[in-house]
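Structure first, then comments.
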Amino acid sequence: MIAHSIRNTFKSLVLGLLFHLIFCQVCRVNGLRYSCHTLQHTSTKAPQSAVLSKRWCGKPRSSRRFSAESGNCNGSVETDDQSQVAKLGEPGRYTFRYEEDGGEKRVVRWDESQQRFQRTAPPQTKYVNSVLVKSSSFFVRNFFPDNVTDDYYRYTAWRSLHRFMSSTLNVFGTQALLLALGIKTKLGTAAAANWVLKDTLGTVFRIFWAGKMGRRFDADAKKWRYRTSLLYTLGTGLEVVTYAFPSLFLVFATLSNALKQTSRLTFSATRNTFYRSFAQRGENIGDITAKGEAQISLVDLLGMCAGIAASKAIGTSKAKLALAYLGCSAVELFAIYREIRAVVFRTLNHERTLLAAERFLQGGCAPAAAPTPEALAAAEPIFLPSRFRAKRNFATVTETGLADAALQRCLGRFRGERFALARRAREDPEGLRPTVLLHADAGNEDVLKALFALSAAQRARAAGAPSFEAACEAAAAAAREHFPAFA
16 MIAHSIRNTF KSLVLGLLFH LIFCQVCRVN GLRYSCHTLQ HTSTKAPQSA VLSKRWCGKP
76 RSSRRFSAES GNCNGSVETD DQSQVAKLGE PGRYTFRYEE DGGEKRVVRW DESQQRFQRT
136 APPQTKYVNS VLVKSSSFFV RNFFPDNVTD DYYRYTAWRS LHRFMSSTLN VFGTQALLLA
196 LGIKTKLGTA AAANWVLKDT LGTVFRIFWA GKMGRRFDAD AKKWRYRTSL LYTLGTGLEV
256 VTYAFPSLFL VFATLSNALK QTSRLTFSAT RNTFYRSFAQ RGENIGDITA KGEAQISLVD
316 LLGMCAGIAA SKAIGTSKAK LALAYLGCSA VELFAIYREI RAVVFRTLNH ERTLLAAERF
376 LQGGCAPAAA PTPEALAAAE PIFLPSRFRA KRNFATVTET GLADAALQRC LGRFRGERFA
436 LARRAREDPE GLRPTVLLHA DAGNEDVLKA LFALSAAQRA RAAGAPSFEA ACEAAAAAAR
496 EHFPAFA
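Okay, so the sequence shown: first residue is 16 according to the numbering used here, each after it adds one.
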């Protein structure tokens, strides 16, 4: 029985991984995207070659020269991205562009015999007629937005695997709930009432969660997204547990529904933060969102089909159901971790600012030492708690508990700034953990500079500065000298 359950679970995992690999392959095959160029033809003769721009999914933009005589692409050349015109030698200039036709994009070129532009296939003619390219082109056109950053494709591939496994797990959870209610033998009024009640109580919990935690999502979207995905998986596990303890159906089902609704709320609240990071020009958020929902709908459908097939094989066996849940949950959590890790935010929050300042100071304050967004994304913790906590790093004058003379000395070190570094007299009398005081009129740049100074002070303390005052003096000097290069 256990061996049979392991086989069924393994089949679901293989199917999910196979979908993930096919998804990545479609991205690779359809990576060639021609730029939209202005139509120009200034010669009475047929152009000999044209410069085409291409972009592979997940790779930087490059250019190739297309020969009209041989029909081949060869040699790397430079194009003028501002004018969008491909410059050619004699006898004239010639460019390609996309022509919109009901959402379909085609390349057009000059026909000398007809003296007009004609639709034509892209240069890679040997692939145009293949079923793979045609079908995958349809897939890309309907499920992938244009003008997105490179990390979007890594995020989408792992997100698809995560949602596939999540939908499969949902089928297991629903099956267990129905079996726990006794659907296999009867469908009573009490069962229906319990089902409605667990949804109602879950919704109440969701309302309280939204009111208490909603303000925190934008500042740390990655952490909250992953934390609540753990809650979602735990919620599915509680659904499975109801089958083993049907008398506690309302307790387990309510907790499960509350955890799942919390996760869905957090996902909805953080989704646009992720999508905004993928937009190259910030103008196609709607397109990215629509294509993202289309992807999820398709993957959810496939996951439900896989879950139904696995449920039929599992039957009513509790051991098989538990094994299937554990196997699929492991893959789902790994996929969502990789999904979130693939996202590269190009804006700074509290943690990314301090990480960047720390790396910059460690590199000797050279401009090249400033970390890239990709480097910060790789270093940013997703599961573990942050080393940088805003509540600990910022304080009010009252919270410091400093005497007037000590407070005036702190303010004097940062004269002319809209911030100062201080210490909490009661909690940290030695000043091992400096804290920031902000002026009421402090703006974003002031906060950024304050965090840079804080990082410099912490680094000075760790390097053996003899006192809190000496560390603050070093931080003030570093902020005045090196902050312009950092910013």
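Backbone N, C-alpha and C fix where the C-beta goes; we use that ideal spot for every residue, glycine too. Treat the numbers as computed from the prediction; the structure is a model and nothing was measured.
Residue environment analysis places Ile323 among the exposed positions, since fewer than 16 neighbouring C-beta atoms fall within 10 angstroms of its C-beta. Beta-carbon to beta-carbon, Thr269 and Leu246 are separated by about 14 angstroms, too far to satisfy the 8 angstroms threshold.
In the pairwise beta carbon analysis, the stretch 292 to 311 is classified as not touching the stretch 239 to 256: fewer than three pairs are separated by under 8 angstroms.
For Phe282, the enclosing alpha helix (DSSP H) covers residues 264 to 293. Under the rule that a run must span 4 or more residues, the alpha helix (DSSP H) segments found entirely inside the stretch 383 to 448 read 388 to 394, 405 to 408, 412 to 415, 419 to 428. In the three-state reduction of the DSSP assignment, Val462 falls in the helix class, which pools H, G and I. With respect to the 9 angstroms criterion, Leu341 and Ser182 are not classified as neighbours on the basis of their beta carbons. Secondary structure at Thr450: strand, using DSSP grouped into helix, strand and coil.
By the Cβ-count criterion, Gln295 is exposed, with fewer than 16 other Cβ atoms from all chains shown falling within 10 Å of its own Cβ. Annotated three-state conformation of Val219 is helix, per DSSP. In chain order, Leu280 place their CB closer than 7 angstroms to the CB of Ala225, counting only its own chain and leaving out the 5 sequence neighbours on each side. In chain order, Cys425, Ala437, Arg438, Ala440 place their CB closer than 8 angstroms to the CB of Leu417, counting only its own chain and leaving out the 5 sequence neighbours on each side. The Cβ atoms of Ser326 and Phe187 sit closer than 9 angstroms to each other. In this structure His454 is not in contact with Phe403, their Cβ atoms being roughly 21 angstroms apart against a cut-off of 8 angstroms. Phe260 has its alpha-carbon roughly 44 angstroms from the corresponding atom of Ser292. Between Tyr352 and the set Ala486, Arg221, Glu488, Lys238, the nearest pair of CA atoms involves Lys238. Going by C-alpha positions, Ala410 is about 46 angstroms away from Asp315. The three-state reading of DSSP puts Val256 in helix, counting H, G and I together. The shortest CA-to-CA distance from Glu298 to any of Leu391, Ala236, Val163 is the one to Val163.
Inter-residue distance for Ala471 and Leu391 is about 18 angstroms (C-alpha atoms, whole angstroms). For Arg356, the enclosing alpha helix (DSSP H) covers residues 333 to 356.
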